[in-house]
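In my numbering, the protein residues as written are 14 to 143.
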């Protein structure tokens, strides 16, 4: 029988990055928060679905707040203090994620709306009839 390979748990090294960018992607179904350094390398990320919310609860402002708090805590472990925030999408978690990042103790220097707007590109999906 083959010898079992010994698995060693590698601890994540603590990067000392003081400023970065928070990307908030608020869709109708979920909210994703990624905190990166200035070059775009991910430091921490979180999502409403990853925090245990399922189905329509993922799209609530509270779920976005919990996800933002989680991503903020992981980023602060790496020494992050100041953030620029890029908000994308039409979802309900936009403002609450932003407030949660501010409440976590970050110094927010800029807020940008980077929602992609088509110059009349693809045909939108048909209207729902409920």
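Just so you know, even glycine gets a beta-carbon here, dropped at the ideal spot from N, CA and C.
Helix, strand or coil for residue i per DSSP?
i	result
residue 116	helix
residue 37	strand
residue 125	strand
residue 30	coil
residue 20	coil
residue 46	strand
Distance, Cα to Cα, residue i vs residue j?
i	j	result
residue 55	residue 21	24 Å
residue 110	residue 134	29 Å
residue 66	residue 76	7 Å
residue 88	residue 138	37 Å
residue 83	residue 47	11 Å
residue 129	residue 39	12 Å
residue 90	residue 59	15 Å
residue 95	residue 102	23 Å
residue 141	residue 37	27 Å
residue 35	residue 108	13 Å
With a Cβ-Cβ cutoff of 8 Å, do residue i and residue j count as a contact?
i	j	result
residue 119	residue 85	yes
residue 30	residue 68	no
residue 81	residue 45	no
residue 99	residue 71	no
Let me know if residue i comes out buried or exposed under the rule of 16 or more other beta-carbons within 10 Å of its beta-carbon.
i	result
residue 127	exposed
residue 106	buried
residue 132	exposed
residue 28	exposed
* Can you check the region 48-111 for any beta strand (DSSP E) of at least 3 residues that lies completely inside it and give the ranges in chain order? => For the region 48-111, whole beta strand (DSSP E) runs of length 3 or above, ordered along the chain, are 55-60, 95-101.
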